[in-house]
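Asker: Encoded as structure tokens, here's the structure I'll be asking about.
Numbering (this note's numbering), first residue to last: 6 to 253.
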């Protein structure tokens, strides 16, 4: 069974049809840059371009980098234009896609459900936290495999600022941090999250997960097991498709 997944990020919009039996992309993903400013209409055009690239005519699952309530309404927009707040993204994108059925969920939640079904969190019970490092830090919290949606742990306060301003991949790039220096920042962030939630497992996702060998071995003092995401930066696309299939 194939369903289309789209992952909206602060820097790029990427998507592909997903083989839900394998939990993998059924074709090479297509990506466009997130428009600047990333207004709802501009981003909707980007989503339309990605879906149209494949001539897709079925259900579409879409992730969003912020809190999504009721599978439709955007409540926060930390790394995209503030004009998204209170927008019914499901209606907007469905209309832009010519009436195709659309399902919306938080981007890290999407990555998390994919990792829990097909990746590093598969068959794991207890408390599992999936963290996606990119433009910001996304989070997905699972208790015995059940998602607690919209946790947004990247916005925990760390050193007087949002944690993602200190420890995201963007922070690493913006401040030209070495892997060692950045790993120490990530370690402090993980220690803070661990103090609050005592997870058995951290799954580290986002684009940087494919370079996990450069920083995960440098992280010390965390009691929870720490592993890289197996689906890497495709997890959001897969999770979006999974949620669209469930909604259908």
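Heads up, the beta-carbon is just placed ideally off N, CA and C, and yes, glycines get one too.
Short check: CB of residue 144 to CB of residue 135, under 8 Å?
Answerer: Reading the chain shown from its first residue, position 139 is the one you call residue 144. Reading the chain shown from its first residue, position 130 is the one you call residue 135. Against a cut-off of 8 Å, the Cβ pair of residue 135 and residue 144 comes out as a contact.
Asker: Which residues in the same chain as residue 130 place their Cβ atom closer than 6 Å to its Cβ, once the five residues preceding and following it in sequence are excluded?
Answerer: The residue given as residue 130 occupies position 125 in the chain shown. Within the same chain, residue 130 has close Cβ partners 149.
Asker: In angstroms, rounded to a whole number, what distance separates the CA positions of residue 113 and residue 11?
Answerer: For the purposes of this step, residue 113 is taken as residue 108 along the chain shown, with counting starting at 1. For the purposes of this step, residue 11 is taken as residue 6 along the chain shown, with counting starting at 1. Computed Cα separation, rounded: 13 Å.
Asker: To test your reading of the DSSP string, which unbroken alpha helix (DSSP H) runs of 4 or more residues are found completely within the region 132-192?
Answerer: Whole alpha helix (DSSP H) segments, 4+ residues: 168-172 and 174-179.
Asker: Among the residues of its own chain, which have a CB less than 6 Å from the CB of residue 89, if the five just before and after it don't count?
Answerer: Translated into the one-based positions of the chain shown, residue 89 becomes position 84. Only 45, 79 and 82 meet the Cβ criterion.
Asker: Among 93, 174, 40 and 169, which residue has its Cα nearest to the Cα of residue 18?
Answerer: Position 13 of the chain shown, counted from the first residue, corresponds to residue 18. Cα-wise, what sits closest to residue 18 is 40.
Asker: Could you tell me if residue 32 is buried or exposed, where buried requires 16 or more neighbouring beta carbons within 10 angstroms of its beta carbon?
Answerer: For the purposes of this step, residue 32 is identified with residue 27 of the chain shown, where counting begins at 1. Flag for residue 32 reads exposed.
Asker: If I measure Cβ to Cβ from residue 211 and keep anything under 7 Å in the same chain, skipping five residues before and after, which residues do I get?
Answerer: What you label residue 211 is simply residue 206 of the chain shown in a count that begins at 1. Counting only Cβ-Cβ distances below 7 Å, and skipping sequence neighbours, we find 137, 138, 139, 174 and 238.
Asker: Quick one: measure Cβ to Cβ for residue 123 and residue 28, integer angstroms, because I've assumed they're closer than 8 Å.
Answerer: Translated into positions along the chain shown, residue 123 becomes position 118. Translated into positions along the chain shown, residue 28 becomes position 23. Indeed they touch by this definition, with Cβ atoms about 3 Å apart.
Asker: Tell me whether the beta-carbon of residue 108 lies closer than 8 Å to the beta-carbon of residue 252.
Answerer: Working through the chain shown from its first residue, we reach residue 108 at position 103. Working through the chain shown from its first residue, we reach residue 252 at position 247. Yes.
Asker: Among the residues of its own chain, which have a CB less than 6 Å from the CB of residue 36, if the five just before and after it don't count?
Answerer: Residue numbering aside, residue 36 sits at position 31 when the chain shown is read from its first letter. The residues are 17 and 19.
Asker: Taking the alpha helix (DSSP H) that residue 240 falls in, what are its first and last residues?
Answerer: Here residue 240 refers to the residue found at position 235 of the chain shown. Here the alpha helix (DSSP H) through residue 240 covers 240-252.
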